[in-house]
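Below: one structure, written as C-alpha cells.
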Amino acid sequence: MEGLIQTIVLAPFVSVALLFLLRRQLPKSAAAVIGCGAVLVPFLCTVAAFFQFDGTPVTATLTQWMTGSVLNVPLAFRLDQLSLTWTLVVTGIGFLIHVYSVGYMHEDPSFVRFFTYLNLFVGSMLCLVLGDSMVLLFLGWEGVGLCSYLLIGFWFDEEENAKAGQKAFVVNRIGDLGFLVAMVLVFKQFGTLNIADVNAMAAAQAATLDPTLVTSIALALFVGCCGKSAQLPLYTWLPDAMAGPTPVSALIHAATMVTAGIYLVARMSIFFAMSPTASTVVAVVGCATALFAATIGLRQRDIKKVLAYSTVSQLGYMFLALGIGAYTAGVFHVITHAFFKALLFLGAGSVIHALHHEQDAMRMGGLKKYLPITHKTFLIGSLALAGIAPFAGFFSKDKILGAALYSHGLPQLLGVFGLITALMTAFYTFRLYALVFHGEERFGHGAHGHADHGAHADAGHGHGAHDHAKPHESPLTMTFPLMVLAVLAVLGGALSLPHFAHFDMLGKFLEPIFAPAYAVLGAPHEHSVAQELGAMLVSLVLAVGGAWYGFSKFSEGPGKQAEHSTKGLPFLLENKWFVDEIYNVLVVGPMRALSHLAGFFDRLVVDGLVNGVAGMVRSAGGWIRMMQNGALHTYALLFILGAAYLAIVLL
Amino acid sequence: MTPNDLALVGPILLPALAALLVILVDLLPGSQRSGGSFLLAVLGAAVSLGYTIHALMHDREGLAFFGTMKIDRMALLITLFVHASALMSLLLSKVYLDRRSDVEQPEYHAFVLTSAAGMAMLAGANDLVNVFLGIELLSIPLYLLVAMRKHQSRSVEAGFKYLLLGAFASAFMLFGAALLYGSSGSTMLTAIPTGIARIGNDTPLAAFGASMLLVGLLFKVAAVPFHMWTPDVYEGAPTPVTAFMATATKAATFAVLLRLAPTLGTALGEEQAANLLGGLAVLTMFVGNLGALQQLNLKRLLAYSSISHAGYLLVGLAALVRAHGSSVEAEAASSIVYYLGAYTAMSLGAFAVAVLIDGGKDREAISDLAGLGKRNPLLAAAMTVFALALAGVPPTAGFFAKYYVFLSAVDAGLIAVAVLGVLASVIGLYYYLRILLTMYVDEPKPGHEATVSRDAMVAAVSLTAVAFVLLLGIVPKGFVEAMALAH
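Chains as they are written, first to last, in the working numbering: chain A, 1297 to 1947; chain B, 2 to 488.
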C-alpha cells in the first residue's frame, strides 16, 4: 500500500524530469506515451489502492523533510476516503484529458512543453490532495497555481493570454494569503500542521476552543478557497483563464484544480462545523456565486466562456452544500461535475478544433451532422449539467437542493435561489447546445480574423487555416475520452442515489471523514420519501422547462442575440455586469495611484535609506579590505590583540 | 598496540602509507613522465576513502592506543569529508598542474596525502599530544603545498605567511595545552573536564589554558580575529590546494573543537564560553561577508566566504557549549557535522569551477566568469548551484546546514546570535548573486572569455559536488540521521 501511494505521487514528477531533460531528443509520440503513462500509472495504482483499502487511513512517508524542535514536516502522503476519492478523479479524468491532448495539441510546436506542464500539474494536484500536512497541501496548492499560470499563458506570444495568466496569478495570491494566515493560526493553536492531528485535536477540544479563533481559521481558509475555486469576489480570473488550451480548461479550470477549495473545506470540515458563522458565510457566498455566474452565463457568446461561468456557478453550488452541512452532497457534486464539465469542455474543444479555432457560438450552428460523436456526447454533458434525470448532474444537484430546501431559515431561502439557478443553468446550457449543433450553418463565411480572436485563440494552428471545407470529426484520441466521459456522465449518479433507494455508496464511503463534523452539527436530517420526491420533481420540472425553452428559442439560430445588445439587462449580462471594469476602477486604479505614491516615497525615502545602508556596508567592506594589506606584522599584531582580548575577557 | 588498534586507525595509516609509496615510486627510473605518482596518489586517497566508508557502515568504532585515539562516528564522518576532499583536490590538481610546469608533481601528491593523514588523526585525537601531532602533520605539508609554485612570488609569499603565522598559532596552542595539563592533571580530552572540576572549578589557569588552545584552533579554521592570513594564502596557493585547505582543514579542526567543547565549558564556564564563542561567531560572520563584498578575485572571494562559514559553524559550537548536558547538545553537534559535510561539497564544487575557468593562465578574476552561462551552460548551472548553496538558498545543502545550525542556536537560547547570523547571511547573498549575474548577464572582456576545457575529471568533481549539494538539501533528514551523534 505504501509503495502504491509513493508511486502515485512520484510518477508524474519522474515524467516531468524525463520530459524536461529529453525535451529536445524525444519525438512527439514518445513524449505522448510518457506523458499519458505518468498519469495512467498513478490511476491504476489508485484503483489498486482502492480495492486494498480497508477503511483505515494509510500514511506513506517518503522521507523526513524539515526537522527541528519546532516544526517537523515529513514528506508523507495520506490515503483516506477523501483523498482516495479525489485521487481517483484527478488521475482518472486527468488520464483521459492527457489522451485527448495528444490529438488536440498534435501540431503544436511546444507539444513536449505542454505535457511537461500537464504532468507537473497532476503531480502538484496529487501532492495537494494526498499531502498529510498543511505545508505539503500548501506546496501542492501553490504548485497547481503555478501550472495553471503557465498553462493559461501557454501561448504566451499572445499578450491577451499572458495577461490572463497574470490575472489568475495575482488574484490567487490574495487567496493564498488567507491560507497562510490560517496555517499560522492553526500552528499557533495546535503546535502542528499535520492535518489529521489538527482535525483530531480540534474535534477533541470542540467544547473548549475559542469560537473566535475557530471562526478566524475557517474564514481564513475560505478566503484561500475563494481564490482557488473562483468564488465571489475573486472569481474573475477563471473566465479569463479560458485563454489557455482547451484541455487545460477541462482539466485544471473545470475538473480538478478549481475543486481544491472544496477539498480544503471538506478536509477541515470540523472547523466549519464548529463555526456557524463561517458556515453561513460559505453557504451565502456559494449561493450568491452560483446565481450571479449563472446570470452572466445567460448571454455569453463564446462557447468556452459559457462553460467557464457555468463552472463558477457549479462551484458555488458545491460551497452552498458545504456551508449548509451537506458535505457528502458537495463532494458528490464535485465528482459528477468533473465528469460532465470535462466532457463539455472537451466537446467544446472538439468543436473549436473542427472549426479552426472559432469560439463564437453565434458563428456555429448545424454542426450536428458533421460531428456526430461530439454532438451526442455534448448532448449528454448538457443534460447532465442541466440536471435532467437520470444523468449524473441531476442526482448530485438534487442532493444539494434537497438538503437546503428541507432545512429552516436562511438555508431554505438559499435553496430557493438554488432552484432559480438551476432553471437558468438548464436554459443557458441548452441555448449553447442549440446554437452550436442546430439551426443553419453560420460558420465558414468571414469567420476568420474575427476581431475577438487572434491567430492563437485556440488550438489547431496551421490546420489548413484557409481550407473552408466541411468541418470533420476529431480523431479517435479526442473522441475516445469524450465517449468514456459521456458514459460516466450518464452513470455517475449511481454513486449516491437518493435516500429512499437505499444505495448511497459514496455517502457510506465518506462517512468516517465527516463523522467528527456531524458529531458537532448533529446528524443530517432524514427526509421522507415524499419530501425527496417532491424536491426531485420540482427541480426536474425547472430543469426540463429551462432546457426546453433554451433549446426551442435558439434551435433556429441566435435571432436577435446575434447582434450585441446595447441597453438594458441584456447589455449588462453580456458585459458580465461590468465587474472587471468595476474592479479596475475600485481596486486596480487606486492601487496604481498608490503605487505611484509609493514609488515617489520609495525613491525619496527608501532608496535613500537603502543607499545609505548599502554605502555604509560597502565602506565597511572597504575598511576590512584596507586592513588586509598583506603586511605580515599587521596580521600578527591583530592575532596577538585578539588572543589578549580573549584572555582579558575570560580572566 | 594491538591489531585492532591498527584496524581502527586505518583511515590515518592508509594515506600515510600511500604518501610513502608515492615518494618511493618516484625514485624508480622513468616514473617521472608516466604520471604514476598521480595514479598512485588517487588510488591511495580512494582506498582511504573506501576504508572510511566501510568502517562507517560497519560501525567500526572504539578507542585505540590506550584511549588516546577515539574513533567514533564523528571522527569517521569527519575523516570521510577529509578523504573525499583529498581525493577531489587530487583530481582537480591533475588538470591544474598539467597546465603548469613549475610544480614537482610527486612531492605535491605525497604532501596532499600526508596532510590528509594528519587531518584524519586530528579527527580521532582524544589526547592533547595527538591533537598537536595531528595539527602539525596536517600543517607542515600544507605550508609546502601553498608555496609549491616556487617561481611565483605570490605562492611563495603565501606559504611563508602561512608558515610564520601557523608556527605562531602552534606556540599558543602548545602553551594552552601545557596549562590545561597543569590545571587538570591529564592530557586526555575526556578526562580534562573532570580533572579541572576536581581541582577547583574556577581556576584562572584552566581558563587561560583553554583560551590559548582555542586561539590556536580558531586560527586553523580562519575565525576572526585570527583570519588575516586566509585571503592571502587562499589566493596565493595553487587552487586545488586552496580547495583542500578550505574544506578539509576546517572539518578536521572542528572535530577537535567538538571534542573540546566540554573542556571549554568547564574551564571558562558554560555561559561565558558560549557568549564568547557566539560573539566571535557574529564577528566572523560579519567580517567574512563584508570582506567578500568588494573582492574582485574569485579565490579571495571564496576565502572570505570560507571565513563567514567558519562563523556559522561557530554558532553551532556556541550552541553546543551552551547546551551541555541537555538534549540540544546532540542536535548542535550533528548540525555542525552536517554543516561540515555540506560545506565540503559546495566549497569543493566552487573551487573546481575556479580551476576550470583559470585556463592555466591564473585567470582568477570574477569577471573571468563572464559569459560562462552562454559558453558552457552546464558548468554555469553547476556554479549556480554552488553559489546558491553557499548563500544558503533552499533547497540546497547550504540552506539546511544554516537552518540546523541556527535552529540549534535558538534551542540553546542564543537567539541574538542566530538573528545576527541570519542578517549576516543576507549580506552574503549579495556577492554570491553577483557571481550569478556575472556568469549570465555580463559580456566577457575580449581575450578574457572563460576558456573551459572539457576535462572529464573536473566535470566528475563538479557533478559529484552538485549531486551532494542537492541531495543533502532535498533529503536532508537521511543525512542528518546518518550524522546524528550519540553524544
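Don't be surprised by glycine CBs; every beta carbon is placed ideally from N, CA and C.
No experiment lies behind these values; they were computed from the predicted model shown.
Worksheet item: Looking at the C-beta of His1671 of chain A, does it have a partner C-beta in chain B at a distance below 8 Å?
Response: Taking Cβ atoms only, chain B never reaches closer than 8 Å to His1671 of chain A, which makes this a no.
Worksheet entry | Presumed contact (8 Å Cβ cut-off) between Leu1530 of chain A and Ile1470 of chain A, rounded CB distance | Taking 8 Å as the upper bound for CB-CB distance, Leu1530 of chain A and Ile1470 of chain A are in contact here, some 6 Å apart.
Worksheet item: Would the region 150-161 of chain B and the region 172-179 of chain B be scored as touching if the rule is three or more Cβ pairs under 8 Å?
Response: Not touching, per the Cβ criterion.
Practice prompt. Count the other C-beta atoms from every protein chain shown that fall within 10 angstroms of the C-beta of Phe1880 of chain A, then say buried if there are 16 or more, exposed otherwise.
Written response: Reading off the sequence shown, one finds Asn at residue 1880 of chain A, where the question assumed Phe. When all chains shown are included, Asn1880 of chain A counts as exposed.
Fill in: Simplified DSSP state of Lys151 of chain B, which is helix, strand or coil
In the structure shown, Lys151 of chain B adopts coil according to DSSP, grouped into three states.
Worksheet item: So Val1480 of chain A and Leu1534 of chain A are in contact, right, with Cβ under 8 Å, and what is the actual spacing, rounded?
Response: 27 Å between Cβ atoms; not a contact.
Discussion item. Rounded to the nearest angstrom, what separates Pro12 of chain B and Tyr344 of chain B at their Cα positions?
Written reply: Roughly 21 Å between the two C-alpha positions.
Item to complete: Go through its chain and collect everything with a Cβ distance to Ser1692 of chain A's Cβ below 6 Å, but skip five positions before and after it.
Response: Cβ-Cβ distances below 6 Å link Ser1692 of chain A to Phe1628, His1629, Thr1632 in the same chain, with the five nearest sequence neighbours on each side left out; the list follows chain order.
Discussion item. Considering only their Cβ atoms, is the gap separating Ser463 of chain B from Leu391 of chain B smaller than 8 Å?
Written reply: Result no, Cβ atoms of Leu391 of chain B and Ser463 of chain B do not sit closer than 8 Å.
Worksheet item: Is there a Cβ from chain A that is less than 8 Å from the Cβ of Thr3 of chain B?
Response: Chain A, which has no Cβ nearer than 8 Å to the Cβ of Thr3 of chain B, makes this no.
Item to complete: Grab me the residues of Met1 of chain B's own chain with a C-beta within less than 6 Å of its C-beta, minus the 5 sequence neighbours each way, in chain order.
Response: An answer regarding residue 1 of chain B cannot be provided, because it is not within the stretch 2 to 488 covered by chain B.
Fill in: Simplified DSSP state of Leu1793 of chain A, which is helix, strand or coil
Note: Leu1793 of chain A maps to coil in three-state DSSP.
Worksheet entry | Three-way DSSP call (helix, strand, coil) for Ser1565 of chain A in this model | In the structure shown, Ser1565 of chain A sits in a helix (DSSP, three-state: H, G or I).
Worksheet item: If you compare alpha carbons, which of A:Ile1301, A:Leu1371, A:Ser1379 is closest to Phe1805 of chain A?
Response: Of the candidates A:Ile1301, A:Leu1371, A:Ser1379, A:Ser1379 places its Cα closest to the Cα of Phe1805 of chain A.
Worksheet item: Quick one, which of B:His59, B:Asp73, B:Phe227 has its alpha-carbon nearest Ala65 of chain B's?
Response: When each option's Cα is compared against that of Ala65 of chain B, the closest is B:Asp73.
Worksheet entry | Assigned secondary structure, Ala65 of chain B (DSSP; H/G/I helix, E/B strand, else coil) | Ala65 of chain B falls in the strand class under three-state DSSP.
Worksheet entry | Closer than 8 Å to chain A by CB, Leu81 of chain B | By the rule that beta-carbons nearer than 8 Å mark a contact, Leu81 of chain B does not touch chain A.
Worksheet item: Just how far apart, CA to CA, sit Ala304 of chain B and Tyr235 of chain B?
Response: Using only the alpha carbons, I get a separation of about 6 Å.
Worksheet item: Applying the criterion that 16 or more other CB atoms from any shown protein chain within 10 Å of the CB defines a buried residue, is His1671 of chain A buried or exposed?
Response: Buried is the call here.
Discussion item. Helix, strand or coil for Val1369 of chain A? Go by DSSP, reduced to three states.
Written reply: Assignment of Val1369 of chain A by DSSP, reduced to helix, strand and coil, places it in the strand class.
Practice prompt. List the whole-angstrom C-beta distance separating Leu1300 of chain A from Ala1344 of chain A, where the pair is believed to meet the contact cut-off of C-beta under 8 Å.
Written response: That pair is a contact at about 6 Å.
Worksheet item: Since Ala398 of chain B and Gly474 of chain B are thought to touch, with beta carbons under 8 Å apart, how far apart are those beta carbons, to the nearest angstrom?
Response: Correct: roughly 4 Å between the Cβ atoms.
Discussion item. Just to make sure I have the definition right: I need the residues of chain A whose C-beta is within less than 9 Å of the C-beta of Leu166 of chain B. Which are they?
Written reply: Think of a sphere of 9 Å around the beta carbon of Leu166 of chain B: the chain A residues whose beta carbon falls inside it are Leu1928, Tyr1931, Ala1932, Phe1935, in chain order.
Worksheet item: Helix, strand or coil: how does DSSP classify Met189 of chain B here?
Response: Three-state result, Met189 of chain B: strand.
Fill in: 8 Å CB neighbourhood of Ile1558 of chain A in its chain, flanking five on each side removed
Result list for Ile1558 of chain A: Cys1521, Ser1525, Leu1611, Met1614, Phe1615, Leu1618, Gly1626, Val1627, Val1630, in chain order.
Worksheet entry | N-terminal and C-terminal residue of the beta strand (DSSP E) that Ile72 of chain B is part of | In this chain, the beta strand (DSSP E) harbouring Ile72 of chain B covers 70-72.
Worksheet entry | Length-filtered (4 minimum) alpha helix (DSSP H) runs lying within the region 175-242 of chain B | Listed in chain order, the alpha helix (DSSP H) runs fully inside the region 175-242 of chain B are 193-200, 205-222, 230-237, counting runs of at least 4 residues.
Discussion item. Just list the residues that DSSP pairs Gly1427 of chain A with in beta bridges.
Written reply: In the DSSP output, where bridge partners are listed per residue, Gly1427 of chain A has A:Phe1373.
Worksheet entry | 7 Å CB neighbourhood of Ile54 of chain B in its chain, flanking five on each side removed | Here Ile54 of chain B has Leu81 as same chain residues with Cβ atoms under 7 Å from its own Cβ, once five neighbours each way along the sequence are excluded.
Worksheet item: Within 10 angstroms of its Cβ, does Ala247 of chain B collect 16 or more other Cβ (buried), or is it exposed?
Response: Under this definition Ala247 of chain B is a buried residue.
Discussion item. Taking the straight line between their C-alpha atoms, what separation do you get for Glu444 of chain B and Ala383 of chain B?
Written reply: Answer to the nearest angstrom: the Cα atoms are 19 Å apart.
Fill in: Enclosing alpha helix (DSSP H) for Ser116 of chain B [first to last residue]
Note, Ser116 of chain B: alpha helix (DSSP H), 106-125.
Discussion item. Quick check on Gly1745 of chain A: buried or exposed, where buried means 16 or more other Cβ atoms within 10 Å of its Cβ?
Written reply: Residue placement at Gly1745 of chain A is flagged as unreliable, the pLDDT there being 40, under the threshold of 50; the coordinate-derived value follows with that caveat. Result: exposed.
Discussion item. I believe Ala1785 of chain A touches Ala1622 of chain A by the beta-carbon criterion, under 8 Å. Please report the beta-carbon distance rounded to the nearest angstrom.
Written reply: Contact annotation, Ala1785 of chain A with Ala1622 of chain A: C-beta distance approximately 22 Å; criterion of less than 8 Å not satisfied.
Item to complete: Kindly indicate the opening and closing residues of the alpha helix (DSSP H) around Trp1533 of chain A.
Response: Trp1533 of chain A -> alpha helix (DSSP H) spans 1533-1536.
Discussion item. By alpha-carbon positions, which one of B:Leu164, B:Gly342, B:Ala388 ends up nearest to Val83 of chain B?
Written reply: Cα-wise, what sits closest to Val83 of chain B is B:Gly342.
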